[in-house]
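Engineer:
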Amino acid sequence: MVFLEIILMTDKPNDVFEHDLFITEFPKKNFGIVDYLSGRVHFALLDQMKFMNTSGMPVEQIKETILSNVSEIIDNFDPEKSKSS
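Quick look at the structure:
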């Protein structure tokens, strides 16, 4: 899964600057919970795409990878399990 790869690739103490380049903070004020969560997803996807592009991945591959990951998350979503966590 690409989300995990990005975390592992940049999870080094000397890469603080790299974190700053690829992680955009979503503002917390003046948003309802649904808008706040949607905004976080939006920013996370943009950050991931920016990182993938900077790493040399072609735009079509970025699109395929992102759509595959999001589809997998949706396909594996179990509303009953999410109630307990």
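Numbering (the working numbering), first residue to last: 70 to 154.
Heads up, the beta-carbon is just placed ideally off N, CA and C, and yes, glycines get one too.
Quick caveat, the model's predicted, so the values are computed rather than measured.
Leaving out five residues before and five after valine 71 in sequence, what residues of the same chain have Cβ atoms less than 8 Å from its Cβ?
Structural biologist: Residue placement at valine 71 cannot be trusted, given a pLDDT of 43 that sits under 50; the coordinates are not used to answer.
Engineer: Taking the alpha helix (DSSP H) that proline 138 belongs to, which residues open and close that run?
Structural biologist: Position check: residue 138 holds asparagine in this sequence, whereas proline was assumed. Segment 128 to 144, the alpha helix (DSSP H) holding asparagine 138.
Engineer: What would DSSP say about lysine 150, mapped onto helix, strand or coil?
Structural biologist: In this structure, lysine 150 counts as helix in the three-state DSSP scheme.
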